[in-house]
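The structure appears below as structure tokens.
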Amino acid sequence: IDVKTFTGRNYADVNWSAVSDNNTSQTGMLYRIFRSLDGISFSLRASQTGTVNYADLTANDSAVPNSPVLNAVSNPTSSSLDVSWNAAADNGILYYYKLETIDSLGNDANSAIDSNAVVSGVKQY
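Pasting the structure below:
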């Protein structure tokens, strides 16, 4: 499983390699996609057959960016001064995903967990 996110797109792309077994072809496999915010407690997001990608449009960056920090004000004159600061950063929200694959006889296997942060970016800064 491979989770990709792109700053400013505000969703997660989940991709994986197709699998098959003696009972079911690649196009007949059922994939169940699970998501978590803590990597422990997962909830089902989607079930689909044969498709090896999922766009999680509900994985949004709702976290507030950290505040900019004023470092110094210097060189004041009657018409200007120098101001320096540490810029705000948008760390986004980290989402964890795992995949369950189920063949036509109900046999199942779980993927490893992958994660990535959805970051919308800092606007007007």
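In our numbering, the protein residues as written are -2 to 122. We put the beta carbon where it would ideally sit given N, CA and C, even for glycine. Owing to the predicted nature of the structure, the values given are computational and were not obtained by experimental measurement.
For Leu34, there is no enclosing beta strand (DSSP E), as DSSP marks it with neither H nor E.
Rounded to whole angstroms, the separation of the alpha carbons of Met26 and Thr2 is 25 Å. Apart from sequence neighbours up to five positions away, the residues of its chain that approach Ser14 with a beta-carbon distance below 8 Å are Val49, ordered along the chain. Here DSSP, grouped into helix, strand and coil, assigns Thr46 to strand. Following the DSSP letters along the chain, one finds Val119 in no beta strand (DSSP E), marked with neither H nor E. The three-state reading of DSSP puts Thr24 in helix, counting H, G and I together. Relative to the Cα of Asp105, the nearest Cα in the group Val115, Arg6, Asp18, Asp10 belongs to Asp18. Taking C-beta atoms as the reference points, Ser112 and Tyr94 count as a pair closer than 9 Å. In the three-state scheme derived from DSSP, where H, G and I count as helix and E and B as strand, Tyr8 is classed as coil. In this structure, the straight-line span from the alpha carbon of Asn88 to that of Asn20 is close to 44 Å.
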